[in-house]
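A.B. asks:
Protein chains: 2
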Amino acid sequence: MSNQPDQQHENLQTLQRHIQFLLKRQHLVDDLAKRQETPKQRQIGQLVQQQNLTKLQQSLAELHAADIAYILENLPLDDRLIIWQLVQSKEKDGEILLEVSDAVRESLLEAMDSAEIKAAAISLDMDELADLAPDLPQDVLNDVFSTLDPEELAQVHAAMSYPENTVGALMNFDMVTVRNDVDVRVVLRYLRRFDALPEHTDKIFVVDRDNQLLGQLTLETLLINQPDTPVADIMMKDEICFKPDDDADMAARAFERYDLFSAPVMDHDKRVIGRLTVVDIVDYVREEDERDILSQAGLREEEDIFASVWRSVKNRWGWLAINMCTAIFASRVIGAFEHTIAQLVALATLMPIVAGMGGNSGNQTITMIVRAIAMGKVKASAVYRLLRKEVEVALINGVFWGSLLGLMTWWLYGSTALGLVMVTAMILNLLLAATAGVLIPMLRMRFGKDPALGSSVLITALTDSGGFFIFLGLATLFLV
Amino acid sequence: MSNQPDQQHENLQTLQRHIQFLLKRQHLVDDLAKRQETPKQRQIGQLVQQQNLTKLQQSLAELHAADIAYILENLPLDDRLIIWQLVQSKEKDGEILLEVSDAVRESLLEAMDSAEIKAAAISLDMDELADLAPDLPQDVLNDVFSTLDPEELAQVHAAMSYPENTVGALMNFDMVTVRNDVDVRVVLRYLRRFDALPEHTDKIFVVDRDNQLLGQLTLETLLINQPDTPVADIMMKDEICFKPDDDADMAARAFERYDLFSAPVMDHDKRVIGRLTVVDIVDYVREEDERDILSQAGLREEEDIFASVWRSVKNRWGWLAINMCTAIFASRVIGAFEHTIAQLVALATLMPIVAGMGGNSGNQTITMIVRAIAMGKVKASAVYRLLRKEVEVALINGVFWGSLLGLMTWWLYGSTALGLVMVTAMILNLLLAATAGVLIPMLRMRFGKDPALGSSVLITALTDSGGFFIFLGLATLFLV
Chain A
167 MSNQPDQQHE NLQTLQRHIQ FLLKRQHLVD DLAKRQETPK QRQIGQLVQQ
217 QNLTKLQQSL AELHAADIAY ILENLPLDDR LIIWQLVQSK EKDGEILLEV
267 SDAVRESLLE AMDSAEIKAA AISLDMDELA DLAPDLPQDV LNDVFSTLDP
317 EELAQVHAAM SYPENTVGAL MNFDMVTVRN DVDVRVVLRY LRRFDALPEH
367 TDKIFVVDRD NQLLGQLTLE TLLINQPDTP VADIMMKDEI CFKPDDDADM
417 AARAFERYDL FSAPVMDHDK RVIGRLTVVD IVDYVREEDE RDILSQAGLR
467 EEEDIFASVW RSVKNRWGWL AINMCTAIFA SRVIGAFEHT IAQLVALATL
517 MPIVAGMGGN SGNQTITMIV RAIAMGKVKA SAVYRLLRKE VEVALINGVF
567 WGSLLGLMTW WLYGSTALGL VMVTAMILNL LLAATAGVLI PMLRMRFGKD
617 PALGSSVLIT ALTDSGGFFI FLGLATLFLV
Chain B
167 MSNQPDQQHE NLQTLQRHIQ FLLKRQHLVD DLAKRQETPK QRQIGQLVQQ
217 QNLTKLQQSL AELHAADIAY ILENLPLDDR LIIWQLVQSK EKDGEILLEV
267 SDAVRESLLE AMDSAEIKAA AISLDMDELA DLAPDLPQDV LNDVFSTLDP
317 EELAQVHAAM SYPENTVGAL MNFDMVTVRN DVDVRVVLRY LRRFDALPEH
367 TDKIFVVDRD NQLLGQLTLE TLLINQPDTP VADIMMKDEI CFKPDDDADM
417 AARAFERYDL FSAPVMDHDK RVIGRLTVVD IVDYVREEDE RDILSQAGLR
467 EEEDIFASVW RSVKNRWGWL AINMCTAIFA SRVIGAFEHT IAQLVALATL
517 MPIVAGMGGN SGNQTITMIV RAIAMGKVKA SAVYRLLRKE VEVALINGVF
567 WGSLLGLMTW WLYGSTALGL VMVTAMILNL LLAATAGVLI PMLRMRFGKD
617 PALGSSVLIT ALTDSGGFFI FLGLATLFLV
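Note that the protein sequences, when read in sequence, are chains A and B. Residue numbering for the first sequence follows our numbering, beginning at 167 and increasing consecutively. Residue numbering for the second sequence follows our numbering, beginning at 167 and increasing consecutively.
Now the structure itself:
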C-alpha cells in the first residue's frame with residue numbers, strides 16, 4: 167500500500183513527461199513522414215508512429231477518469247486531441263467529459279462524431295447525463311433519450327428542469343430505501359443482494375409504503391445494532407433533508423454547518439426522490455468560489471489556459487468594455503477641470519493618489535460585506551449599524567492617511583492650502599467609498615440581485631470619478 | 167420529518183428575532199432597574215429580567231453547536247456576551263468556540279474565566295484541542311494538558327507540531343482498525359461492541375500486528391459480503407493514503423479528484439496514525455478560498471462585522487499602507503512630466519484611462535495564471551507558451567481598445583498626433599500588463615513563494631506607473 171497522492175502526483179507528472187516525449191517524437195515522425203519519398207519509407211514512418219501510440223494507450227488505460235481529465239487539461243490543443251483519440255473508451259469517456267472544465271470539454275466534443283458522443287452519454291448516470299446534456303448536439307441528445315426507459319427519462323428531465331443553483335440540479339437518483347416495518351436482519355439480507363451500493367452511500371432512507379420519508383439509517387447503525395432490532399427503533403428522525411428547489415448555497419451551508427456526508431431530497435408530498443452527497447457539494451462550492459474569484463478580476467469564466475487566443479479575447483472583452491466606459495467617465499470628470507489643472511499642474515500629479523486610496527478602501531469594505539452576505543451573516547436590517555461602523559473606520563483612515571499625504575504634499579509643493587485640500591479630499595473620498603461599499607451590496611441584496619457581481623468594478627469606478635471630482639472640485643473652490 | 171434547512175433557517179431567524187426582542191426588553195429592564203428607587207421596585211425589575219433569561223436559555227439549549235455559533239456571530243458584541251453567558255454548558259462550549267470565526271472566538275474567550283475555558287477545552291477531541299490551543303492562555307493550556315493521559319498528550323503535541331497547511335494539522339485521531347487475519351463475522355462482532363463509531367466513519371482500516379496499513383474496508387463492503395468472507399479478500403488495497411507532512415492543498419485536490427469521504431494517514435513506517443475526512447477538507451478549502459478572496463481585496467483576515475472599529479482599522483491598514491506607497495510612486499512618475507502636462511493639459515485627463523485599462527487587463531491575466539497554478543495546472547516550463555499567448559491577446563486588445571480610445575481622443579481634442587500617442591500607449595501598457603501578469607506569478611512559483619499573495623496590488627502598481635510613464639513619455643517625445 168504505497169499509493170500516496172504526492173507519489174501519485176509524481177507518477178502523473180512522469181506520465182505527462184512521457185506523453186510529451188512521445189508526442190514530440192510523433193511530431194518529428196509526422197514531419198518525417200511528410201517528407202518521405204518512397205512508399206516504403208512512408209510505411210516505416212507510420213510503423214514507428216503506431217508503436218508510440220500503442221505505448222501511450224497502455225499507460226492511459228490504467229488511469230482514473232479524473233487523472234485523464236487532468237492530463238487533457240494540461241496539454242495544448244493539438245496534443246490534447248491526439249491523447250483524446252487514444253483514451254476513448256466507452257466506459258470512461260462520459261466521466262472524463264464531466265471532469266474537465268467547460269472550455270476543455272468543448273474542445274473535446276468538437277473532435278468527436280455523433281456515435282462517439284452518444285456512446286459516452288449512454289454510459290452515464292441520469293444526474294450526470296443531465297449535467298452534460300446542455301453541451302451536447304440536439305440530435306445526439308434526442309438519440310440518447312430514445313434509449314432510456316420512462317423512469318430514467320423522467321429523472322433526466324427532472325434534473326434538467328431545475329435551475330443551476332438549486333438542490334435539484336446537484337442531486338443524484340442513486341439511493342437505497344427500506345421500509346420502516348422490518349428489522350436490521352432483513353435490511354442486512356436485502357443489502358447483501360447488492361453487488362455494490364450506490365457510490366458514496368453512508369446511509370439509507372427509511373420510507374413508508376407511499377415512499378414517504380420517515381427516517382434515515384446510517385450504515386454504522388446497521389453494524390453496531392443487534393440483528394433483531396426493529397428499524398423504526400434505531401432510525402434517525404428529524405434529520406436534515408432538502409427539497410429540489412432549495413437554494414444550493416443554503417444546502418452547501420447546511421452541509422458545512424452540520425458536517426453532513428449525504429442527505430435525502432424529497433418532493434412536496436415528502437416522497438424521497440433523490441440524494442445529495444458532500445461530493446456534489448464540494449464540487450459546487452469550488453465552482454462558486456472560483457467564479458467569485460474570477461469575476462472579481464473581470465474574467466467571465468475559467469479559461470482553458472491553452473485555449474486559442476481568440477477564445478481568451480472573447481472571455482475578457484466584456485469587463486474590459488465596462489472598464490473602458492467607467493474610465494472614460496472618470497476622464498470626462500477630469501476634463502471638466504482642465505482649466506484648474508492648467509493653472510496648477512501639481513493637481514494632475516496628486517489626483518491618482520486620492521482615487522487609488524479610495525478604490526482600495528472601498529474594495530475592502532465591499533468585499534467584506536459581500537462575503538458576509540454570502541455566508542448568510544448579514545440581514546437587511548443591519549445596514550445602519552454596518553454603515554455607521556464603516557464610516558467610523560473610513561474617518562479614522564481618512565484623517566490618518568490623509569494627514570500623511572497632506573504633509574507630503576506640503577513638503578513637495580510648499581503650499582499649505584494644497585496640503586489641506588489633499589487631507590479633505592482623502593477624508594471625503596474614503597467616506598464615499600465606505601458608504602457605497604455598504605450600500606451597493608446591501609441594496610442589491612434587498613432587490614434580490616447577486617451582491618458580488620461586478621462589485622469591485624463598480625466601487626472602483628465610483629471612487630475614481632468621485633475622487634477626481636472631490637479633489638479637483640475642492641482645488642477649484644479654494645486654490646485658483 | 168420536516169426538518170428542512172430552509173425551514174430550519176427560518177426557525178433560526180425567528181429565534182434570532184426572538185432573542186433580539188428579549189435582549190431589547192432586557193436592555194429596557196436594565197435601564198428601568200437603574201432608575202428604580204425602592205428596593206421593592208428593583209426586585210421586581212430583576213425578576214422580570216430573570217424570566218427573560220430563563221426563556222432564552224431554554225431556546226438555546228436545544229440548538230446544535232454550529233447554530234449557536236451562527237447566532238453568536240450575528241450579534242453585536244454586548245448582546246453576544248449576554249447570550250454566551252446563557253449557553254455556556256460544558257459539552258457545547260468547546261464545539262462552539264471551534265465553530266466561530268477567529269475574531270468572534272477572541273471576543274468570547276475574553277469573557278470567560280480560566281475555569282470555564284479549561285472545562286470547554288477538556289470536552290474536545292485531541293485534534294480539536296490542538297486547533298483551539300493557540301488561542302488559549304498558556305496557564306490554562308498547561309492545566310488542561312496535565313489532565314491528559316500520555317497517549318492523548320502525544321496526539322495533541324503531534325497535531326500541534328505540523329504546520330498549518332499540512333495533512334497533519336487537519337487529521338483526527340478517531341478511527342477503527344481491524345487485523346487482516348479475521349473474517350467479516352469477527353469484524354461485525356467487534357463493531358457491535360461500540361456504542362457509536364467515530365464521527366464520519368465510512369471505512370475502517372486493516373492493519374497487521376505492527377499497526378502497518380494493509381488495506382481499507384468500507385462499511386458497505388461489510389454489509390454486502392457474507393459473514394464468513396476473510397477480511398483480506400475484500401479489503402481494498404492501493405487506495406489513496408496520506409502522510410502527515412503532505413501538503414493540505416494536494417490532499418484537497420486528491421479528495422476532489424477521487425471523490426473521497428475519508429482516507430488514512432500513516433507515518434513513515436506505514437503505521438496508521440490518523441484519518442482525514444471530507445468534512446475537514448471542506449472546512450479547509452472554504453478557508454483557503456476565503457483567504458484568497460479577502461487578500462485580493464486587501465483584507466488581512468475575515469472580519470467579525472460587529473467587531474470594534476479599531477480592530478477593523480488594524481485589519482486594513484497594512485494593504486492601505488502598501489497602496490499608498492505604490493500610489494505615491496505612480497504620482498512621482500507623473501511629477502516627472504509636469505512640464506509636459508503644463509503644455510498639454512489633455513494629457514492629465516487621458517492618462518487615467520491608459521493606466522486603468524492596463525490594470526484591468528493585467529488583473530485578468532494574473533488571476534488566470536494564479537488560479538491555474540493553484541489548481542496544479544501549470545508547470546514552470548509552460549512559461550514561454552503562456553507568455554506568447556498572453557502577449558497575443560494583449561496585442562489584439564491593445565489594437566482594438568487602443569484604436570477606439572485613439573478615435574475618441576482625436577474626436578475630443580482634434581489632434582491626430584495625440585490620438586496616435588493614445589493608441590501606442592494603450593498597446594504598450596497592455597503588453598506590459600500581459601508580460602508582468604505571466605512572469606510575476608510564474609517566477610514566484612519557481613522561487614517557492616505563494617503566487618497569489620498581493621498579486622493584484624503588484625500588477626496594478628506596475629500598470630499604473632508604467633501606464634503613466636509610457637503615455638506621458640510618448641507625449642513628451644512626440645507632442646511637445
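Built from N, CA and C at the ideal position, the CB exists for glycine as well. This structure is a prediction, so every number in the text was calculated from the model and none was measured.
1. Name the one or two DSSP bridge partners that B:Asn370 has.
2. Quick one, which residues of the region 487-505 of chain B are near chain A if we go by CB-CB under 7 Å, in chain order?
3. Count the other CB atoms, across all protein chains shown, that sit within 10 Å of the CB of B:Asn648; report buried if there are 16 or more and exposed otherwise.
4. With DSSP collapsed to three states, give me the class of B:Asp446.
5. I'd like to know whether the C-beta of A:Leu389 is nearer than 8 Å to at least one C-beta of chain B.
6. For the structure I just gave you, are there three or more beta carbon pairs, one from the region 576-595 of chain B and one from the region 446-458 of chain B, closer than 8 Å?
7. Quick check on B:Gln202 - is its C-beta less than 8 Å from some C-beta in chain A?
8. Closest by CA to A:Asn338, which one among A:Met592, A:Arg351, A:Leu380, A:His323?
9. Looking only at C-alpha atoms, which of A:Lys284, A:Asn240, A:Pro242, A:Asp268 sits nearest to A:Gln254?
10. Where does the unbroken alpha helix (DSSP H) through B:Val479 begin, and where does it stop?
11. When DSSP labels each residue in this structure, what does A:Met167 get in the three-state scheme?
12. Using only the alpha-carbon positions, how far apart do B:Leu567 and B:Gly528 sit?
13. How would you call B:Glu317, buried or exposed, if buried means at least 16 neighbouring beta carbons within 10 angstroms?
14. Residues in the region 516-532 of chain A with C-beta within 7 Å of chain B's C-beta atoms, listed in sequence order?
15. So what's B:Gln378 in DSSP terms, helix, strand or just coil?
16. At 3 residues or longer, and completely inside the region 277-348 of chain B: list those beta strand (DSSP E) runs for me, N to C.
17. Locate the alpha helix (DSSP H) running through A:Pro393, then write down its first and last residues.
18. Would you kindly report the start and end of the unbroken alpha helix (DSSP H) that includes B:Ala398?
19. With DSSP as the reference, identify every bridge partner of A:Arg612, one or two as the case may be.
20. To the nearest angstrom, how far is the alpha carbon of A:Ala546 from that of A:Ala538?
21. So which of A:Ile370, A:Thr533, A:Val348 has the shortest CA-CA distance to A:Gly440?
22. Report the rounded CA-to-CA distance for A:Phe427 versus A:Gly501, giving the unit in angstroms.
23. Tell me which same chain residues have a C-beta within less than 6 Å of the C-beta of B:Leu628, skipping the five on either side of it?
24. Using a Cβ-Cβ distance cut-off of 8 Å, determine whether B:Leu598 contacts chain A.
25. Leaving aside the five residues before and after B:Glu203 along the sequence, list all residues of the same chain whose C-beta is less than 8 Å from its C-beta, in chain order.
26. Among B:Leu241, B:Asn240, B:Asp279, B:Asp244, which residue has its Cα nearest to the Cα of B:Asp259?
27. Is it a yes or a no for the region 464-476 of chain A touching the region 512-525 of chain B, going by three-plus beta-carbon pairs under 8 Å?
28. Which one of B:Thr395, B:Asp394, B:Ala496, B:Phe311 has the shortest CA to CA distance from B:Phe637?
29. Whose Cβ in chain B lies nearer than 9 Å to the Cβ of A:Asn563?
30. Going by Cα to Cα distance, which pick from A:Ser569, A:Ser581, A:Pro430, A:Leu598 is closest to A:Glu558?
31. Beta-carbon of B:Lys284 versus every beta-carbon of chain A: anything under 8 Å?
32. With a threshold of 8 Å between beta carbons, is A:Glu558 in contact with chain D?
33. Does the CB of A:Lys555 have a neighbour CB from chain B at under 8 Å?
34. Is DSSP giving B:Met432 helix, strand or coil here?
35. Since I believe B:Ala417 is in contact with B:Thr506 (beta carbons under 8 Å), could you give me their beta-carbon distance rounded to a whole number of angstroms?
36. Looking at the C-beta of B:Pro328, does it have a partner C-beta in chain A at a distance below 8 Å?
C.D. replies: The answer reads as follows:
1. Checking the sequence shown, residue 370 of chain B turns out to be Ile, not Asn. The secondary-structure analysis by DSSP pairs B:Ile370 across a beta bridge with B:Leu383.
2. Of all residues in the region 487-505 of chain B, only Asn489, Met490, Ala493, Ile494, Ala496, Ser497, Ile500, Gly501, Glu504 place a beta-carbon less than 7 Å from a beta-carbon of chain A.
3. Here chain B has residues from 167 to 646 only, and residue 648 of chain B is not among them.
4. Three-state DSSP puts B:Asp446 in a helix.
5. True, the Cβ-Cβ gap to chain B drops below 8 Å.
6. In short, these stretches do not touch, since the Cβ pair count stays below three.
7. The pLDDT assigned to B:Gln202 is 47, lower than 50, so where the model puts this residue is not dependable, and the model offers no usable value.
8. Comparing Cα positions, the closest option is A:His323.
9. Considering only alpha carbons, the answer is A:Lys284.
10. That run of the alpha helix (DSSP H) goes 475-501.
11. Confidence at A:Met167 is low in this model, with a pLDDT of 41, below 50, so its placement is unreliable and the value that follows should be read with caution. A:Met167 falls in the coil class under three-state DSSP.
12. Before going on, a small fix: residue 567 of chain B reads as Trp here, not Leu. Going from the Cα of B:Trp567 to the Cα of B:Gly528 covers about 15 Å.
13. By the neighbour-count criterion, in which 16 or more other beta carbons inside 10 Å mark a residue as buried, B:Glu317 falls on the exposed side.
14. With the criterion set as a beta carbon lying under 7 Å from some beta carbon of chain B, the members of the region 516-532 of chain A are Leu516, Pro518, Ile519, Gly522, Met523, Asn526, Ser527, Asn529, Gln530, in sequence order.
15. In the three-state reduction of the DSSP assignment, B:Gln378 falls in the strand class.
16. Entirely contained in the region 277-348 of chain B, the beta strand (DSSP E) runs reaching 3 residues are, in chain order, 343-345.
17. No alpha helix (DSSP H) holds A:Pro393; DSSP gives it neither H nor E.
18. Boundaries of the alpha helix (DSSP H) harbouring B:Ala398: 397-400, taken from the DSSP string.
19. Residue pairing by DSSP places A:Arg612 opposite no residue, since no beta bridge is assigned to it.
20. A straight line joining the alpha-carbon of A:Ala546 with that of A:Ala538 spans about 12 Å.
21. Among A:Ile370, A:Thr533, A:Val348, the Cα nearest to that of A:Gly440 belongs to A:Ile370.
22. In a straight line, the C-alpha of A:Phe427 is about 59 Å away from that of A:Gly501.
23. Excluding five sequence positions before and after B:Leu628, the CB atoms of its chain that fall closer than 6 Å to its own CB belong to Ala602, given in chain order.
24. False, the Cβ-Cβ gap to chain A never drops below 8 Å.
25. In this predicted model, B:Glu203 has a pLDDT of only 48, less than 50, meaning its place in the structure is not dependable; the value taken from the coordinates is given anyway. No residues qualify anywhere along the chain.
26. Nearest option by C-alpha distance: B:Asp279.
27. By the criterion of at least three beta-carbon pairs nearer than 8 Å, the region 464-476 of chain A is not in contact with the region 512-525 of chain B.
28. The candidate whose alpha carbon is nearest that of B:Phe637 is B:Ala496.
29. Val479, Arg482, Trp483, Leu486, listed in chain order.
30. Distance from the Cα of A:Glu558 is smallest, within the candidate group A:Ser569, A:Ser581, A:Pro430, A:Leu598, for A:Leu598.
31. It does not; no Cβ of chain A falls within 8 Å.
32. Any reference to chain D falls outside this structure, whose protein chains are A and B.
33. Yes - at least one Cβ of chain B is within 8 Å of the one on A:Lys555.
34. In this structure, B:Met432 counts as strand in the three-state DSSP scheme.
35. Their Cβ separation, rounded to whole angstroms, is 56 Å, which puts B:Thr506 and B:Ala417 out of contact at 8 Å.
36. According to the sequence as given, residue 328 of chain B is Tyr; it is not Pro. With 8 Å as the cut-off, B:Tyr328 does not count as an interface residue toward chain A.
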